[in-house]
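Novice:
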Amino acid sequence: MNKQIGIESTAEPQSSVDFGRRDLLKLTGASIAALGAASLFSIPFAKAQDMSTGANNFYTSNQVTLEKIAFKSQYEMNVAGNLFIPNNLDRNARHPALVVGHPMGAVKEQSANLYATKMAEQGFVAMSIDLPFWGESEGEARQIVSPDVYAEAFSAAVDFLGTRPFVDRNRIGAIGVCGSGSFVISAAKIDPRMRAIATVSMYDMGAANRHALNHSLSVKQRKEIIAAAAEQRWGEFEGGEVEYTSGTVHELTADTHPIQREFYDFYRTPRGEFTPASANPQITTHPTLTSNVKFMNFYPYIETISPRPMLFISGDQAHSREFSEDAYKRAAEPKELVWVSGAGHVDLYDRVDLIPFDKLTSFFNQHLSA
Numbered sequence: 002m003n004k005q006i007g008i009e010s011t012a013e014p015q016s017s018v019d020f021g022r023r024d025l026l027k028l029t030g031a032s033i034a035a036l037g038a039a040s041l042f043s044i045p046f047a048k049a050q051d052m053s054t055g056a057n058n059f060y061t062s063n064q065v066t067l068e069k070i071a072f073k074s075q076y077e078m079n080v081a082g083n084l085f086i087p088n089n090l091d092r093n094a095r096h097p098a099l100v101v102g103h104p105m106g107a108v109k110e111q112s113a114n115l116y117a118t119k120m121a122e123q124g125f126v127a128m129s130i131d132l133p134f135w136g137e138s139e140g141e142a143r144q145i146v147s148p149d150v151y152a153e154a155f156s157a158a159v160d161f162l163g164t165r166p167f168v169d170r171n172r173i174g175a176i177g178v179c180g181s182g183s184f185v186i187s188a189a190k191i192d193p194r195m196r197a198i199a200t201v202s203m204y205d206m207g208a209a210n211r212h213a214l215n216h217s218l219s220v221k222q223r224k225e226i227i228a229a230a231a232e233q234r235w236g237e238f239e240g241g242e243v244e245y246t247s248g249t250v251h252e253l254t255a256d257t258h259p260i261q262r263e264f265y266d267f268y269r270t271p272r273g274e275f276t277p278a279s280a281n282p283q284i285t286t287h288p289t290l291t292s293n294v295k296f297m298n299f300y301p302y303i304e305t306i307s308p309r310p311m312l313f314i315s316g317d318q319a320h321s322r323e324f325s326e327d328a329y330k331r332a333a334e335p336k337e338l339v340w341v342s343g344a345g346h347v348d349l350y351d352r353v354d355l356i357p358f359d360k361l362t363s364f365f366n367q368h369l370s371a
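In case it helps, this note's numbering puts the sequence shown at residues 2 to 371.
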């Protein structure tokens, strides 16, 4: 089912964003763009989004208790998380639970905590996690890209949740925001304990790095990116400085790319900025250049998740909408694609007036029922 919030629709909504091509950035510095190679492409100039219309990334609730947790993955790495438990939860009964993953390059305090809190208000035991190499989770070197290790973190979260005495291990679901949408799909295809999966503003990090938006990256350009990353490994092995992808810009200029402005407004302003205690604020959101190419090999065979249900949510104005469309097309039934009218990609990180929490609630209530 293809649905627009408020209006059921089988037609594809028309985005006001018209993508074009632009030269690849120089590859000799930190020029493999993070977050789906967004900075490689040109769209008409637009101002950065404002902080209004319900932006509430750091939302807290007096209906929910937060417990800081950590647990081991199969790689013997500590995964850090926040467990959100409804205050009125009967701990002598077993309840449905959700694990929530943050956007690529972010940490659990950015978007994931918000989603977990809101779902806990609806009666779910909900957990946000930091992906390994990010935030408070273990992993060296920091900000390494490792899709397999990322996916394993979701299965490790299911291990943890399913061993809590108040969680029904047969009623565990997952939500992935942005890049975590692709990581949770990768985890779910080999972990049937995840009984229902939802993605929001999904970025398919494999497709984004292999092809970029609208398949605008040629095979030749892809090979140039891979060659630059491989060459950089020599220098780092010999003790040279670690290089990072461009990530989110740290200041705006007249020439700042509109997609970067969208990310800037979340990651570099009080709306969503969060720097973990051990992190350098100058490189937050920047994966390492030499590891980012590992996304090139990342192929989620999404159709194998069926017959477990999948829900894809995207803004109809999102620059990333193609990833949800493609995932929906490739997934087997039961599946649902929901468009949020007027919403861009980052809008669904934190704009509580736009995020369809009622749809997420009904989806998981239906598919994680006792």
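Beta carbons are placed, not taken as given, at the ideal position from N, Cα and C, and that holds for glycine.
(1) State the beta-bridge partners of I186 as determined by DSSP.
(2) Using a Cβ-Cβ cutoff of less than 7 Å, which residues in the same chain neighbour F275 once the five nearest sequence positions on both sides are dropped?
(3) Alpha carbon to alpha carbon, how far is Y116 from L290? Give it in angstroms, no decimals.
(4) Which residues in the same chain as S325 place their Cβ atom closer than 6 Å to its Cβ, once the five residues preceding and following it in sequence are excluded?
(5) Rounded C-beta distance between E334 and S307? I'm assuming under 8 Å.
(6) Closest to D205 by CA distance: which of K190, G182 and R196 is it?
(7) Quick one: grab the DSSP three-state call for G241.
(8) Can you have a look at F42 and say buried or exposed, based on whether 16 or more other CB atoms are within 10 angstroms of its CB?
(9) Starting from the Cα of H320, find the closest Cα among A213, R309, M297 and T246 and give me that residue.
(10) Between L84 and chain D, is the shortest Cβ-Cβ distance under 8 Å, so that the two count as touching?
(11) Considering just the uninterrupted stretch of the beta strand (DSSP E) at L312, what are its terminal residues?
(12) Use the C-beta contact count for D92: other C-beta atoms within 10 angstroms, 16 or more gives buried, fewer gives exposed.
(13) Is the beta carbon of V372 sitting closer than 8 Å to the one on F161?
(14) Does the pairing of the stretch 125-140 with the stretch 98-106 give three or more beta-carbon distances under 8 Å?
(15) How about I176 and V201: do their beta carbons lie closer than 8 Å?
(16) For W340, which three-state DSSP category applies?
(17) So H368 and E263 are supposed to be a Cβ contact under 8 Å. How far apart are they, rounded?
(18) When you compare only the Cα positions, how much space is there between I356 and E244?
(19) Using DSSP with H/G/I as helix, E/B as strand and the rest coil, what is P193?
(20) Name the residue from Y265, G248 and N89 whose alpha carbon lies nearest to the alpha carbon of T254.
(21) Using the C-alpha atoms, what's the distance from V339 back to A208?
(22) Counting along the chain, where does the alpha helix (DSSP H) carrying N171 start and finish?
(23) Might you give, ordered along the chain, the residues of its own chain that have their beta carbon closer than 8 Å to the beta carbon of A199, omitting 5 neighbours on each side?
(24) Which of the three DSSP states is assigned to S129 in this structure?
(25) Would you mind working out which of P193, R170 and N114 sits nearest N83, comparing C-alpha positions?
(26) Residues in the same chain with beta-carbon distance under 6 Å from V353, minus the five sequence neighbours each way, listed in chain order, please.
(27) Here's a check: name, in chain order, each residue in its chain whose Cβ is nearer than 6 Å to the Cβ of E68, leaving out the five neighbours to either side.
(28) Considering only residues of the same chain and omitting the five flanking positions on each side of Q233, which have a CB-CB separation below 8 Å?
(29) Classify P104 as buried or exposed, calling it buried when 16 or more other Cβ atoms lie within 10 Å of its own Cβ.
Specialist: Taking the structure as given:
(1) The partner list for I186 (beta bridge, DSSP) is empty, contrary to what the question assumes.
(2) Excluding residues up to 5 positions away in sequence, V108, E110 and Q111 lie with their Cβ nearer than 7 Å to the Cβ of F275 in the same chain.
(3) Here the alpha carbons of Y116 and L290 stand approximately 30 Å from one another.
(4) Excluding sequence neighbours, S325 sits near M203, F313 and S315.
(5) Confirmed, Cβ separation roughly 6 Å.
(6) For the residues K190, G182 and R196, the minimum Cα distance to D205 belongs to G182.
(7) Reduced to three states, the DSSP call for G241 is coil.
(8) Summary for F42: the model assigns pLDDT 33, below 50, so the residue's position carries little reliability; its value from the coordinates is reported in the next sentence. Label assigned to F42: buried.
(9) Measuring from the Cα of H320, the nearest candidate turns out to be A213.
(10) The structure shown contains no chain D; it is built from a single protein chain.
(11) M311 to G316 is the span of the beta strand (DSSP E), which, as asked, contains L312.
(12) Note that residue 92 corresponds to Arg in the displayed sequence, not to Asp. Only exposed fits R92, as fewer than 16 other CB atoms lie within 10 angstroms of its CB.
(13) This structure cannot speak to residue 372, because the chain is shown only from 2 to 371.
(14) The answer is yes - the stretch 98-106 touches the stretch 125-140, with three or more Cβ pairs under 8 Å.
(15) The Cβ atoms of I176 and V201 sit closer than 8 Å to each other.
(16) Strand.
(17) Incorrect: roughly 32 Å between the Cβ atoms, too far for contact.
(18) C-alpha separation (whole angstroms): 35 Å.
(19) Shown here, P193 sits in coil according to DSSP, grouped into three states, outside any helix or strand.
(20) The shortest CA-to-CA distance from T254 to any of Y265, G248 and N89 is the one to Y265.
(21) The straight-line gap from Cα to Cα measures roughly 21 Å.
(22) Per DSSP, N171 belongs to no alpha helix (DSSP H); it is in the beta strand (DSSP E), V168 to V178.
(23) Residues G174, A175, I176, G177, M311, L312, F313, I314, L361, F364 and F365 of the same chain have their beta carbon placed closer than 8 Å to that of A199, with the five preceding and five following residues left out of the count.
(24) Three-state DSSP puts S129 in a strand.
(25) Checking every option, the nearest Cα to that of N83 belongs to N114.
(26) Cβ contact annotation for V353 (same chain, cutoff 6 Å, sequence separation greater than five): G55 and N57, in chain order.
(27) Once the five neighbours on either side are set aside, the close Cβ partners of E68 are L84.
(28) Excluding residues within five positions, the ones whose Cβ falls inside 8 Å are E244, L290 and T291.
(29) The residue in question, P104, is buried, as its Cβ has 16 or more Cβ neighbours within 10 Å.
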